[in-house]
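Q: Dumping the structure here so I can ask a few things about it.
In structure tokens, the structure reads:
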């Protein structure tokens, strides 16, 4: 699995109290929720991989695959993060807040998810517009160098 931030929890505890037992249990449930999501969701796709899939399986199947990637994998990952956020204990103050390491952890996971979504959107855009994936080439040229 890609780095989901779960393997080294100590980095979120730096300069503050450690995770509580209840927080560690919530994180364990989160990890279990992620276990059903294939690594490709965390790794992401690029435009060339989408092109390869489309050439092997056709455009309709490529569109279905991209829809499933977005709705099942990326959305499933997001729902697991939201479940974790809701499962983590909060303090009794108003407004109720997570502990410092828990808040850092959720922020890290959210940033990873947003980055994966941006990578997915870029790949789909590059594929759909038939843009070259070599960023040193002008974006107005397709892969064959034609305008």
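In the working numbering, the protein residues as written are 345 to 491.
We treat Cβ as the ideally placed atom computed from N, Cα and C, and that holds for glycine.
(1) So the alpha helix (DSSP H) residue 406 belongs to, where does it begin and stop?
(2) Just the C-alpha distance for residue 381 and residue 392, rounded to the nearest angstrom, thanks.
(3) What distance in whole Å lies between the Cβ atoms of residue 418 and residue 464, which are believed to be in contact at a cut-off of 8 Å?
(4) Alpha carbon to alpha carbon, how far is residue 389 from residue 401? Give it in angstroms, no decimals.
(5) Please confirm if the stretch 443 to 461 is in contact with the stretch 355 to 365, defined as three or more CB-CB distances below 8 Å between the two stretches.
(6) Using only the alpha-carbon positions, how far apart do residue 379 and residue 403 sit?
A: Here's the rundown:
(1) The count along the chain shown starts at 1 and reaches residue 406 at position 62. Residue 406 -> alpha helix (DSSP H) spans 403 to 412.
(2) Taking the first residue of the chain shown as position 1, residue 381 is located at position 37. Taking the first residue of the chain shown as position 1, residue 392 is located at position 48. Each residue's alpha carbon lies about 22 Å from the other.
(3) For this step, residue 464 is matched to residue 120 along the chain shown. For this step, residue 418 is matched to residue 74 along the chain shown. Going by Cβ atoms, the distance from residue 464 to residue 418 rounds to 6 Å, so yes, they are a contact pair.
(4) Working through the chain shown from its first residue, we reach residue 401 at position 57. Working through the chain shown from its first residue, we reach residue 389 at position 45. Using only the alpha carbons, I get a separation of about 16 Å.
(5) Contact holds: three or more Cβ-Cβ distances are below 8 Å.
(6) Within the chain shown, residue 379 is the residue found at index 35, counting from 1. Within the chain shown, residue 403 is the residue found at index 59, counting from 1. The alpha-carbon atoms of residue 379 and residue 403 are separated by roughly 30 Å.
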